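Presented below is the structure to which this report refers.
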Amino acid sequence: MSQPGEYELQTKPILPEDRSIPIGCIGSGFIMADCQIPAYKANGLNPVAIASRSPDKVAAVAKRHGMKSYATHQQLLADESIPIIDIAVPPDVQFDIIREVIQHKHIRGILAQKPLGMNLAEAREIVELCEAAGVTLAVNQNMRYDQSVLAAKSLLQQNALGEPVFATIDMRAVPHWMPWQERLGWLTLRIMSIHHLDTFRYWFGMPSRIFASLRTDPRTSEKFTHVDGICTYILEYENGLRACSWDDVWAGPMTEGAGADHGINWRIEGTAGLAQGTIGWPKYPERCPSTIEYVTKQNPDNWFRPRWDDVWFPDAFAGPMCELLCALEQGIQPVLNGRDNLKTMAMVEACYLSAQQHRAIDPKSL
Ligand SMILES: NC(=O)C1=CN([C@@H]2O[C@H](COP(=O)(O)OP(=O)(O)OC[C@H]3O[C@@H](n4cnc5c(N)ncnc54)[C@H](OP(=O)(O)O)[C@@H]3O)[C@@H](O)[C@H]2O)C=CC1
Ligand SMILES: O=C1CO[C@H](CO)[C@@H](O)[C@@H]1O
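Have a look at this one:
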């Protein structure tokens, strides 16, 4: 029974009516093999075939998940029974693959990985090519489907917190290493901060200005030169809201043995209430659900602490694919559509520019 100040919160994606639409997967690394495909299967979706660079690895992943394996993605794309393509390859490889995908008239939808392009200009080209080809493009900004992020969005949509005043994401955690990061010289902004920037945009819309300050990660700078190690940024909104995040992917000398006190906390303060939570992925492979707790002026002595068993890695990875399939069923654009994602890409670009020029940047001007 609900009490005053208690809200119905969404923590799961909306499933498509028809879950049997065949999905073809390109890439067989961690995120495809251990997160995307298991999440699709758990929700009754239908990933049928997979292809990537190394046929032996692909065959092993295909066997594990009961899928067909193709030796090349070109062979997969030629299979006219597969209208949906799910891509999870390094960012510098993604554009060429999308270019090939849209040559095939039977393909109706693409779920691409974040970052959509190597930079905003490339992401724009991808969006324009997909639009011209009539292929629906969605981007896998799946932090939006982290259960606590969805729950917070529900609170905001129901105006439970009043006008948002101040919001923070405090990350002290080391993301899993992807070998191509060294080749690209990227550590945090296009890898992890892109999720936090996208989450702020999902919660509050597009900011007017971003001020970012970055420094190198002392551990990674021994391996390769980068600018985006530990990243801090402040988003300024016209209505006075300030949202900021510090993405500390070093987390103290954690991996050098000084203890493992790591995690991610978020908090939204509004004129009528406060919500705060944790993000569970840093404990992966342990299944550690994200959390939320909130209190409002309607019932000031009562903190509500709804809980669930689902986790971001892997469960939340069903969200963007469900969204794409629902959008195709209804003949509309997914909320996570490619053109909309250009705003998130612009926010990332604004962070790079801001840090370089030591001034606030309006992402809408890029
Ligand atoms: N949305 C999210 O939460 C997350 C998104 N990601 C994104 O997903 C993507 C993949 O990440 P992840 O799985 O962790 O990375 P991995 O390095 O584990 O896997 C990359 C995959 O791409 C394949 N690949 C590499 N080069 C090529 C190529 N030239 N042509 C075709 N395939 C190629 C690799 O092949 P091979 O098996 O031969 O090495 C491998 O199967 C990245 O864009 C990353 O940013 C990653 C983590 C989380
Ligand atoms: O997108 C992402 C989400 O979180 C992961 C945590 O290991 C990152 O590595 C990744 O790139």
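Going by this note's numbering, 1277 is the number at position 261 of the sequence shown; the sequence numbering is gapless.
Glycine residues also receive a C-beta, built at the ideal position from the N, C-alpha and C atoms.
On a predicted model such as this, the values are computed, not experimentally measured, just so you know.
Taking the Cβ atoms as the reference, Leu1061 lies roughly 6 Å from Ile1039, within the contact range of under 8 Å.
Close CB contacts of Ile1308 within its chain, under the 7 Å cut and outside five residues either way in sequence, are with Ser1164, Ala1167, Ala1168, Ala1291, Gly1293 and Pro1322 (chain order). When the Cα atoms are used, Asp1326 and Val1151 turn out to be separated by approximately 31 Å.
For His1192, the CB falls within less than 6 Å of some heavy atom of ligand 2. By the C-beta criterion, the segment 1193 to 1205 is judged not to be in contact with the segment 1152 to 1162, since fewer than 3 inter-stretch pairs fall below 8 Å. In this structure, Ser1306 and Cys1247 do not form a Cβ contact; the two beta carbons are roughly 21 Å apart against a cut-off of 8 Å. Listed as beta-bridge partners of Glu1309 by DSSP are Gln1292.
Sorting Phe1216, Arg1283, Ala1065 and Asp1277 by C-alpha distance to the C-alpha of Leu1251 places Phe1216 at the top. His1242 sits buried, since 16 or more C-beta atoms from the chains shown fall within 10 Å of its C-beta.
Within its own chain, the residues whose Cβ lies closer than 7 Å to the Cβ of Ala1274, once the five positions on either side in sequence are excluded, are Gly1268, listed in chain order. For Cys1304, the closest C-alpha among the options Arg1283, Cys1342, Gly1279 and Trp1319 is that of Gly1279.
Annotated three-state conformation of Tyr1056 is helix, per DSSP. The C-alpha of Ile1113 lies about 19 Å from the C-alpha of Ala1049. Non-local beta-carbon contacts of Gly1125 in its own chain, meaning distances under 6 Å to residues more than five positions away in sequence, involve Ile1100, Thr1152, Leu1340 and Leu1344 in chain order. DSSP places Glu1252 in the strand class (E or B) of the three-state scheme.
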